[in-house]
Amino acid sequence: MKVVVSCINFIRAKGLKHRQFQEFLSELESAHGDVLYYTEVRWLSRGRVLRRFYELLPEINAFLHSKDKTVPELIDPEWKWHLAFLTDVTEMLNSLNLQLQGQGKLICDMYSHIKAFEVKLALLLEQVKKHNFIHLPATHNLSAENPAVPFPAEKCVEALEMLKAQFGVRFRELHVNAKEIRLFQNPFVADIDEAQPSYQFELAELQNCDVLKDAFKPNSLIDFYAALPNDTYPNIKKHAMKMSTLFGSTYICEQTFSRMKLLKTPMRSRLTDEHLYHCLRLAVTRMEPDIQLLTSQMQAHSSH
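Adding 385 to a residue's 1-based position in the sequence shown gives its number in the working numbering.
Have a look at this one:
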(Lines of atoms letter the chains of each structure in order from A and count residues from 1; the text may use other names and numbers.)
(Lines give C-alpha, C1' and ligand atoms only; values in the text may rest on other atoms or scores of the structure.)
Protein backbone atom coordinates (compact mmCIF):
# COMPACT_ATOMS: atom_id res chain seq x y z
CA MET A 1 0.00 0.00 0.00
CA LYS A 2 2.93 2.35 0.69
CA VAL A 3 4.14 2.02 -2.90
CA VAL A 4 0.65 2.76 -4.24
CA VAL A 5 0.21 5.84 -2.05
CA SER A 6 3.72 7.09 -2.90
CA CYS A 7 3.07 6.83 -6.66
CA ILE A 8 -0.32 8.54 -6.38
CA ASN A 9 1.12 11.37 -4.30
CA PHE A 10 3.94 11.84 -6.83
CA ILE A 11 1.40 12.18 -9.66
CA ARG A 12 -1.11 14.41 -7.86
CA ALA A 13 1.17 16.49 -5.63
CA LYS A 14 1.72 19.23 -8.24
CA GLY A 15 -0.92 20.63 -10.54
CA LEU A 16 1.24 20.61 -13.68
CA LYS A 17 2.30 17.01 -13.24
CA HIS A 18 -1.27 15.98 -12.48
CA ARG A 19 -2.59 17.63 -15.65
CA GLN A 20 0.16 16.03 -17.71
CA PHE A 21 -0.84 12.62 -16.36
CA GLN A 22 -4.50 13.23 -17.21
CA GLU A 23 -3.53 14.29 -20.74
CA PHE A 24 -1.31 11.22 -20.99
CA LEU A 25 -4.25 8.95 -20.13
CA SER A 26 -6.46 10.80 -22.61
CA GLU A 27 -3.93 10.30 -25.41
CA LEU A 28 -3.77 6.59 -24.66
CA GLU A 29 -7.60 6.45 -24.58
CA SER A 30 -7.42 4.79 -21.19
CA ALA A 31 -10.56 3.47 -19.50
CA HIS A 32 -9.98 5.89 -16.61
CA GLY A 33 -9.06 9.54 -16.63
CA ASP A 34 -7.20 9.79 -13.33
CA VAL A 35 -5.96 8.01 -10.22
CA LEU A 36 -7.86 8.36 -6.96
CA TYR A 37 -6.58 9.89 -3.74
CA TYR A 38 -6.32 7.67 -0.67
CA THR A 39 -6.89 8.85 2.90
CA GLU A 40 -6.59 6.83 6.11
CA VAL A 41 -9.77 8.40 7.50
CA ARG A 42 -11.95 7.12 4.65
CA TRP A 43 -11.12 3.42 4.87
CA LEU A 44 -13.64 2.48 2.21
CA SER A 45 -11.64 4.47 -0.34
CA ARG A 46 -8.82 1.92 -0.17
CA GLY A 47 -10.59 -0.65 -2.34
CA ARG A 48 -11.44 1.88 -5.07
CA VAL A 49 -7.92 3.35 -4.98
CA LEU A 50 -6.31 -0.08 -5.34
CA ARG A 51 -8.68 -1.12 -8.13
CA ARG A 52 -8.03 2.06 -10.13
CA PHE A 53 -4.26 1.81 -9.55
CA TYR A 54 -4.20 -1.83 -10.63
CA GLU A 55 -6.16 -1.12 -13.81
CA LEU A 56 -3.89 1.83 -14.68
CA LEU A 57 -0.64 0.09 -13.72
CA PRO A 58 0.94 0.04 -17.24
CA GLU A 59 0.06 3.71 -17.82
CA ILE A 60 1.34 4.75 -14.39
CA ASN A 61 4.60 2.90 -14.91
CA ALA A 62 5.11 4.51 -18.34
CA PHE A 63 4.35 8.00 -16.99
CA LEU A 64 6.72 7.63 -14.04
CA HIS A 65 9.41 6.38 -16.39
CA SER A 66 8.95 9.49 -18.56
CA LYS A 67 9.52 11.60 -15.43
CA ASP A 68 12.75 9.69 -14.63
CA LYS A 69 11.21 8.18 -11.50
CA THR A 70 11.98 4.52 -11.05
CA VAL A 71 9.70 2.35 -8.94
CA PRO A 72 11.10 -1.21 -9.12
CA GLU A 73 7.99 -2.75 -7.55
CA LEU A 74 5.86 -1.78 -10.57
CA ILE A 75 7.79 -4.19 -12.79
CA ASP A 76 8.26 -6.89 -10.15
CA PRO A 77 6.04 -9.89 -11.10
CA GLU A 78 5.63 -11.05 -7.48
CA TRP A 79 4.67 -7.54 -6.33
CA LYS A 80 1.99 -7.45 -9.04
CA TRP A 81 0.58 -10.68 -7.63
CA HIS A 82 0.41 -9.12 -4.18
CA LEU A 83 -1.22 -5.97 -5.58
CA ALA A 84 -3.91 -7.96 -7.42
CA PHE A 85 -4.57 -10.15 -4.38
CA LEU A 86 -4.73 -7.15 -2.03
CA THR A 87 -7.14 -5.40 -4.42
CA ASP A 88 -9.54 -8.36 -4.44
CA VAL A 89 -9.48 -8.98 -0.68
CA THR A 90 -9.86 -5.28 0.12
CA GLU A 91 -12.89 -5.03 -2.16
CA MET A 92 -14.43 -7.99 -0.32
CA LEU A 93 -13.88 -6.19 3.00
CA ASN A 94 -15.34 -3.00 1.52
CA SER A 95 -18.45 -4.90 0.48
CA LEU A 96 -18.86 -6.26 4.02
CA ASN A 97 -18.33 -2.79 5.48
CA LEU A 98 -21.08 -1.35 3.31
CA GLN A 99 -23.44 -4.14 4.35
CA LEU A 100 -22.78 -3.40 8.03
CA GLN A 101 -23.17 0.36 7.64
CA GLY A 102 -26.67 0.45 6.18
CA GLN A 103 -29.57 2.24 7.80
CA GLY A 104 -31.49 0.45 10.54
CA LYS A 105 -29.15 -2.54 10.85
CA LEU A 106 -29.92 -4.64 13.93
CA ILE A 107 -27.52 -7.08 15.55
CA CYS A 108 -29.14 -10.06 13.80
CA ASP A 109 -28.64 -8.44 10.38
CA MET A 110 -25.00 -7.64 11.08
CA TYR A 111 -24.31 -11.09 12.51
CA SER A 112 -25.75 -12.72 9.37
CA HIS A 113 -23.39 -10.67 7.17
CA ILE A 114 -20.39 -11.51 9.38
CA LYS A 115 -21.16 -15.25 9.37
CA ALA A 116 -21.59 -15.20 5.60
CA PHE A 117 -18.24 -13.42 5.19
CA GLU A 118 -16.49 -15.95 7.43
CA VAL A 119 -17.89 -18.79 5.30
CA LYS A 120 -16.69 -17.00 2.14
CA LEU A 121 -13.27 -16.50 3.74
CA ALA A 122 -12.94 -20.20 4.60
CA LEU A 123 -14.00 -21.14 1.06
CA LEU A 124 -11.57 -18.63 -0.44
CA LEU A 125 -8.74 -19.99 1.70
CA GLU A 126 -9.21 -23.52 0.38
CA GLN A 127 -9.52 -22.29 -3.21
CA VAL A 128 -6.36 -20.16 -3.05
CA LYS A 129 -4.41 -23.17 -1.76
CA LYS A 130 -5.42 -24.93 -4.99
CA HIS A 131 -4.64 -21.82 -7.13
CA ASN A 132 -8.33 -21.38 -7.86
CA PHE A 133 -9.02 -17.63 -8.28
CA ILE A 134 -12.63 -17.78 -9.45
CA HIS A 135 -13.75 -15.30 -6.76
CA LEU A 136 -10.69 -13.02 -7.12
CA PRO A 137 -11.16 -11.15 -10.43
CA ALA A 138 -7.91 -9.15 -10.44
CA THR A 139 -5.84 -12.18 -9.41
CA HIS A 140 -7.67 -14.35 -11.95
CA ASN A 141 -6.94 -11.89 -14.77
CA LEU A 142 -3.27 -11.66 -13.79
CA SER A 143 -2.93 -15.46 -13.77
CA ALA A 144 -4.38 -15.55 -17.30
CA GLU A 145 -2.05 -12.78 -18.51
CA ASN A 146 1.11 -14.19 -16.89
CA PRO A 147 0.71 -17.98 -16.55
CA ALA A 148 4.48 -18.47 -16.42
CA VAL A 149 4.91 -16.30 -13.29
CA PRO A 150 4.47 -18.41 -10.13
CA PHE A 151 1.77 -17.33 -7.70
CA PRO A 152 3.08 -16.57 -4.15
CA ALA A 153 0.59 -18.97 -2.58
CA GLU A 154 2.33 -19.29 0.78
CA LYS A 155 2.21 -15.57 1.61
CA CYS A 156 -1.35 -15.10 0.34
CA VAL A 157 -2.62 -18.12 2.26
CA GLU A 158 -0.88 -16.81 5.37
CA ALA A 159 -2.58 -13.42 4.90
CA LEU A 160 -6.01 -15.06 4.59
CA GLU A 161 -5.38 -17.21 7.67
CA MET A 162 -4.42 -14.10 9.66
CA LEU A 163 -7.57 -12.33 8.45
CA LYS A 164 -9.69 -15.33 9.43
CA ALA A 165 -8.08 -15.43 12.89
CA GLN A 166 -8.66 -11.70 13.38
CA PHE A 167 -12.33 -12.11 12.52
CA GLY A 168 -12.61 -14.92 15.04
CA VAL A 169 -11.13 -12.74 17.79
CA ARG A 170 -12.94 -9.53 16.88
CA PHE A 171 -16.40 -11.12 16.68
CA ARG A 172 -15.94 -13.77 19.36
CA GLU A 173 -18.66 -12.28 21.58
CA LEU A 174 -21.19 -12.49 18.74
CA HIS A 175 -20.52 -16.20 18.30
CA VAL A 176 -20.80 -16.76 22.07
CA ASN A 177 -24.24 -15.08 22.04
CA ALA A 178 -25.39 -16.66 18.77
CA LYS A 179 -28.38 -18.41 20.38
CA GLU A 180 -29.56 -15.16 21.94
CA ILE A 181 -29.29 -13.41 18.58
CA ARG A 182 -31.18 -16.17 16.76
CA LEU A 183 -33.92 -16.04 19.39
CA PHE A 184 -34.31 -12.33 18.76
CA GLN A 185 -34.18 -12.76 14.98
CA ASN A 186 -36.98 -15.32 14.85
CA PRO A 187 -38.52 -16.61 18.10
CA PHE A 188 -40.82 -18.95 16.16
CA VAL A 189 -37.97 -21.21 15.03
CA ALA A 190 -35.96 -21.05 18.26
CA ASP A 191 -35.34 -24.38 19.98
CA ILE A 192 -37.30 -24.29 23.25
CA ASP A 193 -35.10 -26.95 24.85
CA GLU A 194 -31.94 -24.89 24.23
CA ALA A 195 -33.48 -21.60 25.40
CA GLN A 196 -32.97 -20.22 28.88
CA PRO A 197 -35.56 -21.47 31.40
CA SER A 198 -37.01 -17.96 31.78
CA TYR A 199 -37.94 -17.97 28.06
CA GLN A 200 -39.18 -21.53 27.63
CA PHE A 201 -42.83 -21.21 28.69
CA GLU A 202 -43.18 -17.88 26.89
CA LEU A 203 -41.69 -19.39 23.72
CA ALA A 204 -44.10 -22.31 23.94
CA GLU A 205 -46.98 -19.85 24.20
CA LEU A 206 -45.64 -17.66 21.39
CA GLN A 207 -44.83 -20.44 18.91
CA ASN A 208 -48.35 -21.83 19.19
CA CYS A 209 -50.13 -18.51 18.74
CA ASP A 210 -51.30 -18.37 15.12
CA VAL A 211 -52.28 -14.70 15.33
CA LEU A 212 -48.78 -13.59 16.35
CA LYS A 213 -47.22 -16.02 13.89
CA ASP A 214 -49.15 -14.39 11.04
CA ALA A 215 -48.21 -10.92 12.29
CA PHE A 216 -44.48 -11.72 12.45
CA LYS A 217 -42.36 -10.00 9.79
CA PRO A 218 -38.56 -10.33 9.92
CA ASN A 219 -38.09 -6.85 8.42
CA SER A 220 -40.02 -5.14 11.23
CA LEU A 221 -38.81 -6.85 14.40
CA ILE A 222 -39.05 -3.74 16.57
CA ASP A 223 -42.74 -3.25 15.74
CA PHE A 224 -43.46 -6.92 16.34
CA TYR A 225 -41.90 -7.00 19.80
CA ALA A 226 -43.48 -3.67 20.73
CA ALA A 227 -46.92 -5.16 19.99
CA LEU A 228 -46.41 -8.25 22.20
CA PRO A 229 -48.57 -8.24 25.35
CA ASN A 230 -46.41 -7.23 28.30
CA ASP A 231 -48.09 -9.49 30.82
CA THR A 232 -47.82 -12.62 28.65
CA TYR A 233 -44.26 -12.25 27.31
CA PRO A 234 -42.32 -10.08 29.80
CA ASN A 235 -39.00 -11.93 29.51
CA ILE A 236 -39.06 -12.18 25.71
CA LYS A 237 -39.82 -8.45 25.47
CA LYS A 238 -37.01 -7.66 27.88
CA HIS A 239 -34.65 -9.79 25.77
CA ALA A 240 -35.81 -8.00 22.61
CA MET A 241 -35.15 -4.61 24.21
CA LYS A 242 -31.63 -5.71 25.11
CA MET A 243 -30.94 -7.01 21.61
CA SER A 244 -32.40 -3.94 19.89
CA THR A 245 -29.86 -1.71 21.64
CA LEU A 246 -27.13 -3.48 19.66
CA PHE A 247 -27.29 -1.78 16.28
CA GLY A 248 -24.94 -0.29 13.72
CA SER A 249 -24.25 3.36 14.55
CA THR A 250 -22.07 4.30 11.55
CA TYR A 251 -25.01 5.48 9.45
CA ILE A 252 -26.35 7.65 12.27
CA CYS A 253 -22.90 9.15 12.92
CA GLU A 254 -22.35 9.94 9.24
CA GLN A 255 -25.86 11.40 8.96
CA THR A 256 -25.33 13.58 12.05
CA PHE A 257 -21.98 14.82 10.75
CA SER A 258 -23.51 15.72 7.37
CA ARG A 259 -26.37 17.62 9.02
CA MET A 260 -23.90 19.44 11.27
CA LYS A 261 -21.94 20.61 8.23
CA LEU A 262 -25.16 22.04 6.77
CA LEU A 263 -26.06 23.77 10.04
CA LYS A 264 -22.64 25.29 10.73
CA THR A 265 -22.43 27.63 7.77
CA PRO A 266 -20.20 30.77 7.84
CA MET A 267 -23.36 32.89 8.03
CA ARG A 268 -24.24 31.39 11.44
CA SER A 269 -21.29 32.72 13.41
CA ARG A 270 -23.26 33.00 16.66
CA LEU A 271 -24.34 29.38 16.80
CA THR A 272 -23.66 28.15 20.35
CA ASP A 273 -22.94 24.54 21.31
CA GLU A 274 -26.27 24.26 23.09
CA HIS A 275 -28.17 25.65 20.09
CA LEU A 276 -26.29 23.33 17.73
CA TYR A 277 -27.16 20.36 19.95
CA HIS A 278 -30.88 21.15 19.78
CA CYS A 279 -30.71 21.75 16.01
CA LEU A 280 -28.99 18.40 15.48
CA ARG A 281 -31.57 16.59 17.60
CA LEU A 282 -34.32 18.03 15.42
CA ALA A 283 -32.43 17.31 12.20
CA VAL A 284 -31.70 13.62 12.81
CA THR A 285 -34.61 12.47 14.97
CA ARG A 286 -37.16 10.07 13.50
CA MET A 287 -39.86 11.17 15.91
CA GLU A 288 -42.80 13.00 14.37
CA PRO A 289 -44.39 15.47 16.80
CA ASP A 290 -48.17 15.66 17.05
CA ILE A 291 -48.52 19.38 16.32
CA GLN A 292 -52.28 19.44 16.84
CA LEU A 293 -51.97 17.82 20.27
CA LEU A 294 -49.19 20.18 21.31
CA THR A 295 -51.06 23.28 20.20
CA SER A 296 -54.26 22.12 21.91
CA GLN A 297 -52.39 22.01 25.21
CA MET A 298 -51.19 25.60 24.88
CA GLN A 299 -53.15 28.70 25.80
CA ALA A 300 -53.31 31.35 23.12
CA HIS A 301 -52.65 34.96 24.10
CA SER A 302 -55.85 36.97 23.96
CA SER A 303 -55.71 40.42 22.43
CA HIS A 304 -55.91 43.40 24.82
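For every residue, glycine included, the Cβ atom is placed at its ideal position computed from N, Cα and C.
{"Check": "Bridge partner(s) assigned by DSSP for F470", "Outcome": "DSSP, once it has assigned bridges, lists no residue as partnering F470."}
{"Check": "L491, DSSP secondary structure in three states", "Outcome": "strand"}
{"Check": "Touching by the beta-carbon criterion (3+ pairs, under 8 Å), the segment 386–395 and the segment 450–460", "Outcome": "yes"}
{"Check": "Alpha-carbon spacing of Q592 relative to K622, whole angstroms", "Outcome": "15 Å"}
{"Check": "Nearest-angstrom Cα separation, counted from Q570 out to C638", "Outcome": "25 Å"}
{"Check": "Length of the line joining the Cα atoms of S634 and Q488", "Outcome": "9 Å"}
{"Check": "Residues that F632 bridges to, as DSSP identifies them", "Outcome": "L491"}
{"Check": "Exposure label - K375; buried when at least 16 CB within 10 Å", "Outcome": "Shown here, the chain extends from 386 to 689; a query on residue 375 therefore has no answer."}
{"Check": "Alpha-carbon to alpha-carbon, E414 and F536", "Outcome": "31 Å"}
{"Check": "Distance, A612 Cα to Q581 Cα", "Outcome": "22 Å"}
{"Check": "Cβ pair count under 8 Å reaching 3, the segment 430–439 against the segment 467–476", "Outcome": "yes"}
{"Check": "Beta-carbon spacing of K540, A507 below 9 Å", "Outcome": "no"}
{"Check": "The segment 615–631 contacting the segment 479–486, beta-carbon criterion three pairs below 8 Å", "Outcome": "no"}
{"Check": "Distance between beta carbons of E587 and Y618, contact taken as under 8 Å", "Outcome": "5 Å"}
{"Check": "CB of I607 within 9 Å of CB of L559, strictly", "Outcome": "no"}
{"Check": "Helix, strand or coil at M645 [DSSP, three-state]", "Outcome": "helix"}
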